[in-house]
Amino acid sequence: MIIFFRRLREKLLSQNKFSKYLLYAIGEILLVVIGILIALGVNNWNIEIDNKATEKQYITRLIEELDDEINNYNNLKEDFNYQRHSVIALLEIFNEPNPVIKDTASFWRNFSFISRAGPWYNKPVTWTQLVQSGELKLITNENVVTTLFKHYSNLEQTASNFSEYPTQTTSEARKFTATTFSETNSLFSSKNYRPFQGNTAFMQKIFEKKNEFKSLCVRVAVIAGFLESQMEDLIQSAENAKSILGQYLKN
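Sequential numbering from 0 applies to the sequence shown in numbering that gives the first Met the number 0.
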């Protein structure tokens with residue numbers, strides 16, 4: 000084929016048919032350009048197909064992680080609700096002029112919830128990967144991206160608030176409880192994982208410092224109630240994001 004076109008070109012030039020040769024040359028150039036454009040178009044089409052497949056994988060993973068988040072927030076909401084009711088039960092006892100413990104097991108169970116709150120935030124793996132890798136651009140729906148930004152910004156803000164104030168209160172409660180226990184001169188046993196419970200001397204010390212413990216209980220109850228409502232907000236936010244992602248995936 001190359002030899003044929005070379006001979007055709009030489010023939011046109013030898014016959015002084017420059018205008019025809021020029022048209023032939025332009026035609027060759029156009030064919031090359033068209034070939035390149037077709038190749039680029041096919042390549043771009045393949046890239047677009049790959050990007051769509053990757054986007055679908057990310058959306059699917061995000062939905063799965065949102066499901067896990069919702070389950071986690073529901074469990075946390077129940078924990079904070081139980082903590083709030085537990086410390087309120089303690090407050091009712093501490094407010095009595097001459098407290099009488101009718102159910103010691105219940106008392107110690109409620110008492111343990113004063114310092115129960117701990118870290119709960121887990122960094123979202125898929126969302127973090129999308130942002131840090133720059134692959135967030137693969138999600139082409141603006142509403143989906145905006146919804147995800149709002150949800151995870153809300154999550155980070157809630158986690159940040161928790162690490163500052165509630166965690167500080169939990170730390171103070173544990174320290175004060177340990178200090179009070181140490182004043183009883185009780186010894187820890189390697190076989191006893193709950194040395195506080197059933198310790199009469201420790202219970203007596205608690206009631207000697209009931210005003211301090213009452214102050215702690217009030218703070219814990221307020222924080223638990225606040226975090227309970229925060230978990231409900233996160234549940235609704237995650238469910239909304241999951242719904243929008245699900246609709247986009249179907250389309």
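Even glycine gets a Cβ: it sits at the ideal position worked out from N, Cα and C. For clarity, every value in this text was computed on a predicted model and none was experimentally measured.
Helix, strand or coil, according to DSSP, for residue i in the structure here?
i              : result
tyrosine 151   : helix
isoleucine 100 : coil
lysine 213     : helix
lysine 122     : coil
glutamate 182  : coil
alanine 116    : coil
isoleucine 205 : helix
lysine 127     : Here residue 127 turns out to be threonine, not lysine, going by the sequence shown. Note: threonine 127 maps to helix in three-state DSSP.
asparagine 80  : helix
threonine 199  : helix
glutamate 64   : helix
serine 189     : Here serine 189 scores only 44 on pLDDT, less than 50, and its place in the model is too uncertain to base an answer on.
asparagine 94  : coil
threonine 53   : helix
asparagine 250 : coil
asparagine 140 : coil
glycine 133    : coil
Under the assumption that residue i contacts residue j (Cβ atoms under 8 Å), give the Cβ distance between them as a whole number of angstroms.
i             : j                : result
cysteine 216  : valine 99        : With a Cβ gap of about 18 Å, cysteine 216 and valine 99 do not count as contacting.
glutamate 171 : lysine 76        : Their Cβ separation, rounded to whole angstroms, is 24 Å, which puts glutamate 171 and lysine 76 out of contact at 8 Å.
lysine 174    : phenylalanine 93 : About 19 Å; that fails the 8 Å criterion.
glutamate 64  : valine 124       : 7 Å
Tell whether a beta-carbon distance below 8 Å holds between residue i and residue j.
i                 : j             : result
tyrosine 247      : valine 143    : yes
leucine 154       : asparagine 50 : no
threonine 183     : glycine 117   : no
alanine 237       : tyrosine 72   : yes
phenylalanine 110 : leucine 226   : no
threonine 178     : glutamate 54  : no
alanine 223       : arginine 83   : yes
phenylalanine 112 : tyrosine 81   : yes
isoleucine 35     : leucine 244   : no
What number of angstroms, rounded off, separates the C-alpha of residue i from the C-alpha of residue j?
i                 : j                 : result
alanine 158       : isoleucine 234    : 14 Å
phenylalanine 201 : asparagine 97     : 17 Å
threonine 176     : threonine 146     : 43 Å
serine 214        : tryptophan 119    : 24 Å
glycine 133       : tryptophan 126    : 11 Å
proline 165       : glutamine 56      : 37 Å
serine 114        : valine 221        : 14 Å
glutamine 229     : isoleucine 62     : 21 Å
phenylalanine 218 : alanine 52        : For clarity, residue 218 is arginine in the given sequence; the question names phenylalanine instead. Distance between the alpha carbons of arginine 218 and alanine 52: 50 Å.
isoleucine 69     : glutamine 167     : 26 Å
alanine 88        : glutamine 128     : 44 Å
aspartate 67      : lysine 122        : 12 Å
serine 242        : glutamate 95      : 50 Å
leucine 90        : serine 181        : 23 Å
lysine 101        : glutamate 207     : 18 Å
threonine 199     : phenylalanine 161 : 34 Å
lysine 149        : asparagine 74     : 22 Å
arginine 60       : glutamine 156     : 23 Å
leucine 255       : glutamate 47      : With the chain covering 0 to 250 only, the question about residue 255 has no answer from this structure.
lysine 249        : glutamate 141     : 16 Å
serine 105        : isoleucine 205    : 15 Å
Between residue i and the ligand NAP, is the CB less than 7 Å from at least one heavy atom?
i                 : result
phenylalanine 225 : The ligand content of the structure shown is nil, which means the ligand NAP is not present either.
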